[in-house]
Amino acid sequence: MIKCELMRIFKSTKGRLIILLMFLLPLIDFIQHIYNDIILFGSFDPENHPAFTSFLSGSTMGHFTQILLSFILPLYFLLLYADSYTTDRNTGYLKCLIMRVGKKRVLQNKI
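Note that the working numbering has the sequence shown beginning at 1, numbered continuously upward.
Following this line, the structure appears as structure tokens:
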């Protein structure tokens, strides 16, 4: 059941876009750090080395991408998962699934 839920998320276009956005935001932060510190200012100090660029350390000015990802991340996961439940309920698949495996097991897998 968990494999089915994950495959449903990966096959939907909305799921692919949200997962791509989750990987793209830290990449933008890393590129912004390299561009600002190394290309513009030309400083290659040990404290400005790209290896020390950690996404959660907030090493870029403004921390825009870090704030955007950390505050909106619960909404991303909600968008990924909430659509499957409403689709199952509207199509009647949830009732069939509960009759087949039981309510307890369905709830355990959904949580």
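Note that CB positions come from ideal geometry on N, CA and C, so glycine has one too.
*Alpha-carbon to alpha-carbon, Gln-66 and Ile-34*: CA-CA distance, Ile-34 to Gln-66, rounds to 16 Å.
*Could you tell me if Leu-25 is buried or exposed, where buried requires 16 or more neighbouring beta carbons within 10 angstroms of its beta carbon?*
Residue environment: Leu-25 is assigned as buried (16 or more neighbouring CB atoms within 10 Å of its CB, all protein chains considered).
*Please report how far the alpha carbon of Val-101 lies from the alpha carbon of Ser-70, in whole angstroms.*
Rounded to whole angstroms, Val-101 to Ser-70 spans 36 Å at the Cα level.
*Looking at Leu-80 and Ile-9, is the spacing between their C-beta atoms short of 8 Å?*
It is a contact, given that the beta carbons lie within the stated cut-off.
*In terms of residue numbering, what span does the alpha helix (DSSP H) encompassing Ser-12 cover?*
Element bounds for Ser-12: n/a, residue is neither H nor E.
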